[in-house]
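The structure under discussion appears below in the form of structure tokens.
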Amino acid sequence: MKYKGISITKRKDGRYTARPYHNGKRYSIYGRTQIECYEKLKQFFKNKPAKKEVSKSITLYEWLDKWYTTYKVGKLKPTSLYQIKVCINKHIKLNIEDRPLNKLTSIDVDVALSKIESSRMKKYTYDCWCESLRIAYRNKLIKENLSDLIIPIHHTRIKGTALTLQQRQIFLEKVGQIKYGKIFLFQYYSGCRPQGARNLKWTDIKEDTIFINETKSKNGQRWIPLFAKLNELLKSIPRTSERVFPISETTIKVQFEELKKLCGFEFTQKSLRHTFATICAENGINENTIAKWLGHGNPSTTKKYYIDVLTDFEKEQAYKINIIFNAKFDPHFDPHFLEKNKK
């Protein structure tokens, strides 16, 4: 006896059996009689297990978007989210083709990272790769933790450079010659980041303090003194908007390029922040106070990356020492030699 081509046979123990094959799996059906086994076989095909759908592996791009929305959105500040988006869209998706996530290899990631020129951006992107792959492994989307196999990326932060005494003088002379130069003066006199200047509102300015609103770190939002030069500068700006400097970021970049051409030397907006820190240190301001004004949680960061203490002064002293050493070997050494040769 058969049903749908499946034979019903008698076993040695007296029972009857049928062995249908479905969805790549062999099933065994038993009955005490041939009719019973036949009826069970009919019931099997009537209620046969649903065909398994071949699951489609999530792709790399799909996972990165899912990782971003699930594990980052709502947990990080807008600036941090923007940085991650830049890493995903400009330094991952543009450097590696989409593919099933479970087909990705550590070599694929190493090659993609090698295409990024900026050391700092390469490190940011490397961190995004590692965290997203660790979570993918934890969720069993990939068989091994590729973040352990990727070649580690390290970034050494470059110490910033303050303007020299001569450059400061040139800057202060030329900054007034461009239309929106006052935003750069504000950075110079306050030590704030470009973002802090762009975000400044008139309501942030109190009788003797200014609220600086920056989101780079937890100490970015802070109060600094309303220094005399800042007060003088702010009084010269007409109140035409809620913001003190209602200028687009693009316009600021264009204006800064114009300022650099006028000055005749290379520097960045960050140089103005470094210069503020250096001026403070040159004039004996306490390191903890400088760190607080700059929005640093650790004063060692201020000292290590932001202060070029007495750079020009030290050069002047070295010049004097050279004169002294030469003069002391002169049998006709004049103790008033330095005053006579002072520039």
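For the sequence shown, this note's numbering begins at 459 and goes up steadily by one. In this text, a Cβ means the ideal position worked out from N, Cα and C, and glycines have one as well.
According to DSSP, residues forming a beta bridge with residue i
i	result
serine 465	Lys460
glycine 489	Tyr474
lysine 840	It is not possible to answer for residue 840, since the shown part of the chain is limited to 459 through 801.
proline 405	The requested residue 405 does not occur in the structure, where the chain is confined to residues 459 to 801.
Expected contact under 8 Å - CB spacing of residue i and residue j to nearest Å
i	j	result
tyrosine 526	isoleucine 554	Actually they do not touch by this definition, with Cβ atoms about 16 Å apart.
leucine 720	glutamine 635	6 Å
isoleucine 551	isoleucine 542	The sequence given here places lysine at residue 551; isoleucine does not occur at that position. At roughly 13 Å, the Cβ-Cβ gap does not stay under 8 Å, so lysine 551 and isoleucine 542 are not in contact.
glycine 753	isoleucine 670	7 Å
lysine 632	leucine 717	6 Å
aspartate 556	tyrosine 519	4 Å
phenylalanine 642	phenylalanine 714	7 Å
Contact check, residue i vs residue j, beta carbons under 8 Å
i	j	result
lysine 664	valine 702	no
leucine 571	isoleucine 611	yes
alanine 655	threonine 736	no
serine 564	histidine 613	no
asparagine 560	serine 515	yes
tyrosine 461	lysine 500	yes
leucine 562	isoleucine 600	yes
arginine 484	arginine 490	no
arginine 651	threonine 733	no
isoleucine 695	serine 648	no
tyrosine 646	leucine 730	yes
methionine 459	tyrosine 488	no
Three-state secondary structure (DSSP) of residue i
i	result
glutamate 480	Going by the sequence as given, residue 480 is histidine instead of glutamate. The answer is strand: DSSP assigns histidine 480 an E or B state.
glycine 634	helix
phenylalanine 787	With a pLDDT of 41 at phenylalanine 787, under the threshold of 50, the modelled position of that residue is not reliable, and the figure given next carries that caveat. Residue state, collapsed to three classes: coil.
proline 683	strand
glutamate 745	helix
tyrosine 764	Annotation note: pLDDT 49 at tyrosine 764 (below 50); position unreliable, no value reported.
glutamate 575	coil
phenylalanine 629	helix
phenylalanine 669	strand
proline 610	coil
serine 513	Unreliable positioning characterises serine 513 in this predicted model, as indicated by a pLDDT of 47, which lies under 50. The coordinate reading is nonetheless provided below. Coil at serine 513, not helix or strand.
histidine 754	coil
threonine 726	coil
isoleucine 695	coil
asparagine 689	helix
Any non-hydrogen atom of the ligand NAD closer than 7 Å to residue i Cβ
i	result
threonine 698	The ligand NAD is not part of the structure shown, which contains no ligands of any sort.
Next item on the list: Answer yes if the region 690 to 708 comes into contact with the region 598 to 615, meaning at least three C-beta pairs across the two stretches below 8 Å, and no otherwise.
Entry: no
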